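Numbering (our numbering), first residue to last: 21 to 612.
Heads up, the beta-carbon is just placed ideally off N, CA and C, and yes, glycines get one too.
If you're wondering where the values come from, they're calculated on a predicted model, not measured in any experiment.
Presented below is the structure to which this report refers.
Right, dumping it as structure tokens:
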């Protein structure tokens, strides 16, 4: 059994947030709490084994750096446990241990002594560090004269020369040049091969893919996904592209606004699960303010009163009857405001509109026409520029339905209570199935990417030889008439290097008035792709128009890493680079 070198259990970290310096001073004098709590991490658990190379990804503010600081002992968590079995060497910032007033050489020797390096080994290791950094005469200059790249080289060389059991590296290697990044990558891989553990944080998924075998995806301070690197990175890429499209492409923004009241099949798990959502009372239900939700309570004559938990729930637990959809809807992270534990609710690109609430109910009796609930909501907003509306899915007609009457009442300290009575129609299994069929038909996207295939002479292949001609065919399905479409592919090497991109409209004309299935074939009659393993992603947009592609275009469908293939090396041991083009060579001799 491989020993866990790091074990993180139920880890949470909260930072105090003061509205002003005055509040901090009054809290010190009076002893009365005058701060809120921002939960940077909430209930995070995972284990890392020897030789495991773990990447940590997530958007800005997801809690990555906070997690590393806790693991390395630079921060004490609010709650939870971290067990580290081994010596950690961390590289969290360029200024974490380098003294800017001292020379590079002095910094090397000082840090080796501080890390317990035997006296007889200091000079040997110092020479190894100097050789690795290739700083030349700059090693005798004060560190304050170094560029950020030179700082990174020195810090990394010192960190890894100490031969830690666990190496922790934050994003800072990105400031180095490509040559040094290659050297650093090789050293990190060598350390892992010697049984060392690696934790690597980066926004560059290509670097994570190249270095790591396991990936942890943090979102809103919680663990969203953990697993095999390729699987998690593909899911992260899909999520990132969806959010990017909705945030930057005018067509995708408009599509989200138009589909506010559409119900998708993913929102209908079972007929005995009722779905509510909290949305803005403004146009299109899109939040323009940030709301803090401190209490949600459901009461009913037929069911016991339910307080909706604001934390992540195990929906597979039969005892869990109500929960928030924290992963797919617009619920944000936990936040303690005015001493109350709250859940933030605000607009988020790439998420389902509003904050979703799922309620598990028993099957209706023969005389029951509806489920009747009273819903109590207590909230506060930053700008106080909008109210919260409450909606539910009406399974009889398959659309979102707004609650007509909501009573609002002001509470102390800017809080507000909202009370609403919900009457949600009961449906039989037959009615539910009919509605589900209707929803499935209406919620299908305009276009789906059904398949990405690689063929050689009409035969499916996953391995091809160097210079062998091949075709990549993308099959799209238009569920309804689409006026204009353009299909593109992107080929990425297994280490994340962008290898090839092309859109069909760039080389040919756009597709017009399409319906049903269409196959788009990219013909690699001359194959210049070098040996290696590759993945192919595809997308479909509303036409190729170079002058107005971005941000005016709309991405209709994406398929991330839908195909994987390998190109064999014709000369094992010889690397031709990114492309394998063997050009003619001519010898010209001249008389001397």
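Rounded to the nearest angstrom, the gap between the Cα atoms of residue 298 and residue 434 is 19 angstroms. Between residue 46 and residue 317, the alpha-carbon positions lie close to 34 angstroms from each other. Under the three-state reduction of DSSP output, residue 101 falls in the strand class. Per the coordinates, the alpha-carbon of residue 332 lies some 23 angstroms from the alpha-carbon of residue 382. Of 228, 162, 202 and 567, the smallest CA-CA separation from residue 251 is found for 228. Of the residues 414, 82, 480 and 106, the one whose Cα lies closest to the Cα of residue 454 is 414. Closest by C-alpha distance to residue 545, out of 66, 173, 479 and 489, is 489.
Here residue 305 is not near residue 389, since their CB atoms are 8 angstroms or more apart.
The beta carbons of residue 513 and residue 258 sit no closer together than 8 angstroms. Secondary structure remark: continuous beta strand (DSSP E) runs of at least 3 residues inside the stretch 523-558, in chain order: 531-544. Taking 8 angstroms as the cut-off, the beta carbon of residue 586 is found closer than this to the beta carbon of residue 482. By the Cβ rule, the stretch 498-514 does not count as touching the stretch 602-609, because fewer than three pairs are nearer than 8 angstroms.
Annotation for residue 159: 124, 125 and 150 place their beta carbon closer than 6 angstroms to its own, counting only its chain and skipping 5 residues before and after. Distance check between residue 492 and each of 175, 574, 341 and 582 places 582 closest, using alpha-carbon atoms only. Residue nearest to residue 59 within the set 69, 198 and 99 is 99 (criterion: CA-CA distance). Note: residue 424 is not bridge-paired with any residue in the DSSP secondary-structure output. Across the set 222, 172 and 233, the C-alpha of 172 shows the shortest separation from the C-alpha of residue 203.
Here the stretch 231-241 makes contact with the stretch 70-88; the two share three or more CB pairs at distances below 8 angstroms. Cβ atoms of residue 519 and residue 511 come within 8 angstroms of each other, at about 5 angstroms. The C-alpha of residue 187 lies about 6 angstroms from the C-alpha of residue 217. Annotation: the continuous beta strand (DSSP E) that includes residue 75 extends over 73-77. Rounded to the nearest angstrom, the gap between the Cα atoms of residue 602 and residue 170 is 37 angstroms. A Cβ-Cβ distance of about 19 angstroms is found for the pair residue 265 and residue 556, leaving them out of contact under the 8 angstroms criterion. Per DSSP, residue 36 is one residue of the beta strand (DSSP E) stretching across 24-38. Around residue 494, the same chain offers 469, 472, 507, 509, 540 and 558 as residues with beta carbons nearer than 7 angstroms, after the five sequence neighbours per side are excluded.
Within the model, the alpha-carbon separation for residue 211 versus residue 106 is close to 14 angstroms. Closest in alpha carbon position to residue 466, among 569, 238 and 562, is 562. Proximity of the stretch 52-66 to the stretch 353-363 meets the contact definition, three or more beta-carbon pairs being nearer than 8 angstroms. Membership of residue 46 in the alpha helix (DSSP H) is indicated by the continuous run 41-50. Burial state of residue 165 is exposed, judged by a 10 Å Cβ sphere holding fewer than 16 other Cβ atoms.
Contact between residue 399 and residue 314 holds: CB atoms are separated by about 7 angstroms, below the 8 angstroms threshold. Around the Cβ of residue 328, a 10 Å sphere holds 16 or more other Cβ atoms; the residue is buried. The three-state secondary structure of residue 58, taken from DSSP, is strand. By the Cβ neighbour-count rule, residue 82 is buried, with 16 or more other Cβ atoms within 10 Å of its own. In the displayed model, residue 269 falls within coil according to three-state DSSP, outside both helix and strand. DSSP places residue 509 inside the beta strand (DSSP E), whose first and last residues are 490-513.
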